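**Q** Numbering (full-length UniProt numbering), first residue to last: 1 to 538.
Even glycine gets a Cβ: it sits at the ideal position worked out from N, Cα and C.
Every value quoted in this text rests on a predicted model; they were computed, and no experiment measured them.
(1) So is residue 475 in contact with chain B if we call contact Cβ pairs under 9 Å?
(2) Quick check on residue 64: buried or exposed, where buried means 16 or more other Cβ atoms within 10 Å of its Cβ?
(3) Since residue 198 contacts residue 187 with CB under 8 Å, what's their CB separation in whole angstroms?
(4) Say whether the stretch 317 to 325 touches the stretch 471 to 483, bearing in mind that this needs 3 or more beta-carbon pairs closer than 8 Å, one atom from each stretch.
(5) Given 8 Å as the limit, is there contact between the stretch 77 to 93 and the stretch 267 to 280, that is, 3 or more CB pairs closer than that?
(6) Grab me the residues of residue 397's own chain with a C-beta within less than 8 Å of its C-beta, minus the 5 sequence neighbours each way, in chain order.
(7) Mind checking which residues open and close the beta strand (DSSP E) that includes residue 392?
(8) Can you list, in chain order, the residues of its chain with a C-beta nearer than 6 Å to that of residue 31? Leave out the 5 residues immediately preceding and following it.
(9) Can you list, in chain order, the residues of its chain with a C-beta nearer than 8 Å to that of residue 375? Leave out the 5 residues immediately preceding and following it.
(10) According to DSSP, which residues form a beta bridge with residue 457?
(11) When the Cα of residue 129 is compared with those of 168, 252, 307 and 221, which residue comes out closest?
(12) Once the 5 residues before and after residue 518 are set aside, which same chain residues still bring their CB inside 6 Å of it?
(13) Got a sec, what are the start and stop residues for the alpha helix (DSSP H) residue 321 sits in?
(14) Pick helix, strand or coil for residue 359, following the three-state DSSP scheme.
(15) Taking the beta carbon of residue 66 as the centre, do at least 16 other beta carbons fall within 10 Å, making it buried, or is it exposed?
(16) In three-state DSSP terms, what is residue 478?
(17) I believe residue 352 touches residue 450 by the beta-carbon criterion, under 8 Å. Please report the beta-carbon distance rounded to the nearest angstrom.
(18) Return the residue from the list 196, 249, 172 and 465 that minimises the CA-CA distance to residue 266.
(19) Once DSSP output is grouped into helix, strand and coil, what is the label at residue 222?
(20) Decide if the stretch 248 to 264 is in contact with the stretch 113 to 131; the criterion is three or more beta carbon pairs, one per stretch, under 8 Å apart.
(21) Is the distance from the Cβ of residue 89 to the Cβ of residue 286 below 9 Å?
(22) Excluding the 5 residues flanking residue 567 on each side, which residues of the same chain have their C-beta closer than 7 Å to its C-beta?
(23) Need the endpoints of the beta strand (DSSP E) that residue 245 sits in, please.
(24) For my contact list, residue 488 and residue 444 are in at a C-beta cut-off of 8 Å; report their separation, rounded to the angstrom.
(25) Using only CA atoms, which one of 349, 435, 452 and 314 lies nearest to residue 300?
(26) Take every Cβ of the stretch 433 to 441, pair it with every Cβ of the stretch 344 to 364, and state whether three or more of those distances are shorter than 8 Å.
(27) Using DSSP with H/G/I as helix, E/B as strand and the rest coil, what is residue 156?
(28) Span of the alpha helix (DSSP H) holding residue 522?
(29) Can you find the residues in the same chain that come closer than 6 Å, C-beta to C-beta, to residue 59, ignoring five residues on each side of it along the sequence?
(30) What distance in whole Å lies between the Cβ atoms of residue 480 and residue 359, which are believed to be in contact at a cut-off of 8 Å?
(31) Tell me the residue span of the beta strand (DSSP E) that contains residue 415.
(32) Run through DSSP, which three-state label would residue 22 get?
(33) Based on DSSP bridge pairs, tell me the residues matched to residue 518.
(34) Rounded to the nearest angstrom, what separates residue 259 and residue 283 at their Cα positions?
(35) Exposed or buried, which one is residue 184 when buried takes at least 16 other CB atoms within 10 Å?
(36) Do residue 431 and residue 356 have their CB atoms nearer than 9 Å?
Right under this line is the structure:
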């Protein structure tokens, strides 16, 4: 009985504390709601946006890139690309091992772990993955519906991202034409990344947006598009007049953005990984690498030791497949046999990989005697690749007079294959054809080549070119299709009065039509200036 008064006093004390805290909370909410600068946005589901297209005209749009534009809300593949391409396989493997921890510690701490593993120690000046590698994978992840929502805005567009701004700035500004990007910066000391991001400010979202120069004032109407699970930028979106929310269920029904709708076409990109490195795909890559190295050695040894036809069968059995396409019922093959006996046949093909001439020579074995040799005229092939090339290679010197005499000499000895683009292009585009080949012979056969890999790209602009054949032959599977077109009529050659530029453009158009590729006027120099910051002189 003596404990009852103390229990009663404790009850009164707790009631007073709870009552005081509740009243203070109500008072603060009322005070905030009465403030003109703390108005809460109106939240709606994003399908209502499609019914009111006029609401975005001449208004500022703020959208969350990961939640409102990309189909996948996981940012792990993009950090894995940074780790692999900028830091190397060991750093990427470390990130893969830490992935379970990243999933368990929450969104903010998981992001900090990935940033630290991927960026610590990298040089700021040489970091180019955000410009040369990530745009390709980000564009392939853009949802068509999300893209249409963003593009309906006729005013200023502001992208908000969870990732460091250096990873997505080029993708958003150069490829999607977004005016401003709001993202956290990375801390740098002595020109190297520390692997740490600037902290998210706890102030209101309007103070964050003071960094973004815009026409008009901050109290002008701002429309927001975000997602329900976006917990990092609630303060930033609090200045919006209305916020449309996208759910994960909505994004599952989104379609991939077609290439035709890209605001800027993706022609050049770099990096070794050809598939999107999701956690499962990354695990498969690292499990495959030891076996891939073994398979690389076996493929190379067998190709050099066995006769051509036997080695072709073995390579096909191990996954390196090829298809030779001759459009017309054998007439072209008969023509090739007759012309080859005369010597000096010039095969002009587009350039997809360093093995283009090799695959062409393997295909020609099926339609002409194997005793007829084929030489490849190369431009930027590494010395290591030339040393192990299964066919004879002749290097161009970048001196027009010397190269012209060399091509004439080779044509007198036999057939040659040349790639007048001067460099490879991974996407369905053709670079400008150099007209050097056009004035040397009237026996020109266009060849349209397309090449697909399953895991690794065998070309690079900013990496080690000597590893190109290694990565190419490590692929589990690859497929090359070579279409031999009809020999160029003499009326379309220089000997018939056509200029060398007209001949080169005509051959480019024929190959582009056969492959359904788009012809461009871009050159080797343009590619290397975009991807590597140099003119591509090897």
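**A** In short, the structure shows the following:
(1) In summary, chain B is missing from the structure at hand, where a single protein chain is found.
(2) Stepping through the chain shown from its first residue, residue 64 is reached at position 64. So residue 64 ends up on the buried side.
(3) Taking the chain shown and counting its residues from 1, the one referred to as residue 198 is at position 198. Taking the chain shown and counting its residues from 1, the one referred to as residue 187 is at position 187. Confirmed, about 7 Å.
(4) yes
(5) yes
(6) By 1-based counting over the chain shown, the position of residue 397 is 397. Contacts found: 403 and 406.
(7) Translated into positions along the chain shown, residue 392 becomes position 392. Residue 392 -> beta strand (DSSP E) spans 392 to 395.
(8) In the chain shown, residue 31 corresponds to position 31, counting from 1. Residue confidence is low: residue 31 scores 34 on pLDDT, short of 50, so the model does not pin down where it sits. Its coordinate-derived value is still stated next. Once the five neighbours on either side are set aside, residue 31 has no close Cβ partner at all.
(9) Along the chain shown, one-based indexing puts residue 375 at 375. The residues are 391, 392, 393, 394, 410, 413, 414, 415, 416 and 417.
(10) The count along the chain shown starts at 1 and reaches residue 457 at position 457. Looking at the DSSP assignment, residue 457 forms no beta bridge with any residue, so it has no partner.
(11) Numbered from its first residue, the chain shown carries residue 129 at position 129. Closest by alpha carbon: 168.
(12) Taking the chain shown and counting its residues from 1, the one referred to as residue 518 is at position 518. Only 429 meet the Cβ criterion.
(13) Within the chain shown, the letter at position 321 stands for residue 321. First-last for residue 321: 320 to 325, but that is the beta strand (DSSP E), not the alpha helix (DSSP H).
(14) Here residue 359 refers to the residue found at position 359 of the chain shown. Note: residue 359 maps to helix in three-state DSSP.
(15) Reading the chain shown from its first residue, position 66 is the one you call residue 66. With 16 or more Cβ atoms within 10 Å of its Cβ, residue 66 is classed as buried.
(16) Taking the chain shown and counting its residues from 1, one reaches residue 478 at position 478. Residue 478: strand per DSSP, three-state reduction.
(17) Taking the chain shown and counting its residues from 1, one reaches residue 352 at position 352. Taking the chain shown and counting its residues from 1, one reaches residue 450 at position 450. Yes, residue 352 and residue 450 are in contact; Cβ-Cβ is about 7 Å, under 8 Å.
(18) As a position in the chain shown, residue 266 is number 266, starting the count at 1. Among 196, 249, 172 and 465, the Cα nearest to that of residue 266 belongs to 172.
(19) Locating residue 222 in the chain shown gives position 222, where the first residue counts as 1. Strand.
(20) no
(21) On the chain shown, residue 89 is found 89 positions in, with the first residue counted as 1. On the chain shown, residue 286 is found 286 positions in, with the first residue counted as 1. Yes, Cβ-Cβ distance for residue 89 and residue 286 is below 9 Å.
(22) Not covered by the structure: residue 567. The range shown for the chain is 1 to 538.
(23) As a first step, residue 245 must be located in the chain shown, where it is residue number 245. Looking at the DSSP string, the run of the beta strand (DSSP E) that includes residue 245 is 242 to 246.
(24) Here residue 488 refers to the residue found at position 488 when the chain shown is read from its first residue. Here residue 444 refers to the residue found at position 444 when the chain shown is read from its first residue. Rounded, the Cβ-Cβ distance is 4 Å, consistent with contact.
(25) In the chain shown, residue 300 corresponds to position 300, counting from 1. If we check each option's Cα against that of residue 300, 314 comes out closest.
(26) yes
(27) In the chain shown, residue 156 corresponds to position 156, counting from 1. Here residue 156 sits in coil by DSSP.
(28) The residue labelled residue 522 in the question sits at position 522 within the chain shown. That residue, residue 522, is in no alpha helix (DSSP H); it is neither H nor E in DSSP.
(29) Reading the chain shown from its first residue, position 59 is the one you call residue 59. Counting only Cβ-Cβ distances below 6 Å, and skipping sequence neighbours, we find 155, 221 and 223.
(30) By 1-based counting over the chain shown, the position of residue 359 is 359. By 1-based counting over the chain shown, the position of residue 480 is 480. Contact flag correct, Cβ pair sits at about 4 Å.
(31) Reading the chain shown from its first residue, position 415 is the one you call residue 415. Element bounds for residue 415: 415 to 418.
(32) On the chain shown, position 22 is the one that residue 22 refers to. In this prediction, residue 22 scores a pLDDT of 36, lower than 50, which makes its location untrustworthy; the coordinate-derived value is nonetheless stated afterwards. Residue 22: helix per DSSP, three-state reduction.
(33) Here residue 518 refers to the residue found at position 518 of the chain shown. According to DSSP, which records beta bridges pairwise, residue 518 is partnered with 429.
(34) The sequence position of residue 259 within the chain shown is 259, counting from 1. The sequence position of residue 283 within the chain shown is 283, counting from 1. In a straight line, the C-alpha of residue 259 is about 29 Å away from that of residue 283.
(35) Reading the chain shown from its first residue, position 184 is the one you call residue 184. Residue 184 should be labelled buried.
(36) The count along the chain shown starts at 1 and reaches residue 431 at position 431. The count along the chain shown starts at 1 and reaches residue 356 at position 356. No.
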